[in-house]
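Here the structure is laid out as structure tokens; the discussion comes afterwards.
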Amino acid sequence: DGGITQSPKYLFRKEGQNVTLSCEQNLNHDAMYWYRQDPGQGLRLIYYSQIVNDFQKGDIAEGYSVSREKKESFPLTVTSAQKNPTAFYLCASNVGEGNQPQHFGDGTRLSIL
Amino acid sequence: GQSLEQPSEVTAVEGAIVQINCTYQTSGFYGLSWYQQHDGGAPTFLSYNGLDGLEETGRFSSFLSRSDSYGYLLLQELQMKDSASYFCAVRGNNFNKFYFGSGTKLNVKP
Numbered sequence: 084d085g086g087i088t089q090s091p092k093y094l095f096r097k098e099g100q101n102v103t104l105s106c107e108q109n110l111n112h113d114a115m116y117w118y119r120q121d122p123g124q125g126l127r128l129i130y131y132s133q134i135v136n137d138f139q140k141g142d143i144a145e146g147y148s149v150s151r152e153k154k155e156s157f158p159l160t161v162t163s164a165q166k167n168p169t170a171f172y173l174c175a176s177n178v179g180e181g182n183q184p185q186h187f188g189d190g191t192r193l194s195i196l
Numbered sequence: 002g003q004s005l006e007q008p009s010e011v012t013a014v015e016g017a018i019v020q021i022n023c024t025y026q027t028s029g030f031y032g033l034s035w036y037q038q039h040d041g042g043a044p045t046f047l048s049y050n051g052l053d054g055l056e057e058t059g060r061f062s063s064f065l066s067r068s069d070s071y072g073y074l075l076l077q078e079l080q081m082k083d084s085a086s087y088f089c090a091v092r093g094n095n096f097n098k099f100y101f102g103s104g105t106k107l108n109v110k111p
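Sequence order for the protein chains is W and Y. The opening position of the first sequence corresponds to residue 84 in the numbering used here, with each subsequent residue numbered one higher. The opening position of the second sequence corresponds to residue 2 in the numbering used here, with each subsequent residue numbered one higher.
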């Protein structure tokens, strides 16, 4: 079955450390997204990519970085510059055109040690 | 800026009907979507409205009025498993960028 795989499910970060969250999709989707969700809150867009080797900042990109070297993969790095990284991170993808919905991975929960 | 407003919490009893409203203010509009998210889980797509009117999918219906920048999700014959958070989302001027509301937590009681 096609879908989006995020790993790890839980991640702990030490002060000053960069961590990378993995997102892989086998849906052959062009567009991929990273969202941050804080408790009781909606989804806020960190970065998105419409095509390989291209990505754009979302509304809260500071302290994060991404790459899109392959269509299937869109990893997110939470850098030490992100001072409040504790949150639920969701990766999504969609066809990138028309009225197609977003498909989400199961998320990664990041906490500070 | 972009903003979507939803009630933060709604409570209803099993078997009842509940309506979750969403008003939006965005630069450009390419459709209103609804997603369901159970605690700790991933959001899943429920419905989409690109044009005014009602869309029905089983027990769930969604309505859009573009002139009022307003939509709602209607859940009928509520079941305990419908207890979840529901998010409205708008596709804005940038065709590939989505904006989400802060979510409505639905509590279904026996």
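Glycine residues also receive a C-beta, built at the ideal position from the N, C-alpha and C atoms. Since the model is a prediction, treat every value here as computed from it, not as a measurement.
Contact between the segment 93-103 of chain W and the segment 64-71 of chain Y is absent, with fewer than three C-beta pairs closer than 8 Å. Spanning the alpha carbons of residue 104(Y) and residue 135(W) requires a straight line of approximately 31 Å. Residues of the same chain with a CB within less than 8 Å of the CB of residue 145(W), apart from the 5 flanking positions on each side, are 164 and 165 in chain order. Look at residue 43(Y): its C-beta is under 8 Å from a C-beta on chain W. DSSP places residue 91(Y) inside the beta strand (DSSP E), whose first and last residues are 85-92. When CB distances to chain Y are screened at a threshold of 9 Å, the residues of the segment 114-127 of chain W falling below it are 114, 116, 118, 120, 123, 124, 125, 126 and 127, in chain order.
Within chain W, the residues placing a beta-carbon under 7 Å from that of residue 97(Y) are 114, 131, 133 and 179, ordered along the chain. Counting only residues of its own chain and dropping the five nearest sequence neighbours on each side, residue 177(W) has a CB closer than 7 Å to the CB of 112, 114, 183, 184, 185 and 186. With a beta-carbon spacing of about 7 Å, residue 193(W) and residue 161(W) fall inside the 8 Å limit used to define contacts.
At least one CB of chain Y lies nearer than 8 Å to the CB of residue 187(W). Shortest Cα-Cα distance from residue 83(Y) to any of 101(Y), 72(Y), 70(Y) and 60(Y) involves 60(Y). Note on geometry: alpha-carbon atoms of residue 154(W) and residue 13(Y) lie some 43 Å from one another.
Selection 190(W), 101(W), 86(W) and 158(W) evaluated against residue 138(W) yields 158(W) as nearest (Cα-Cα).
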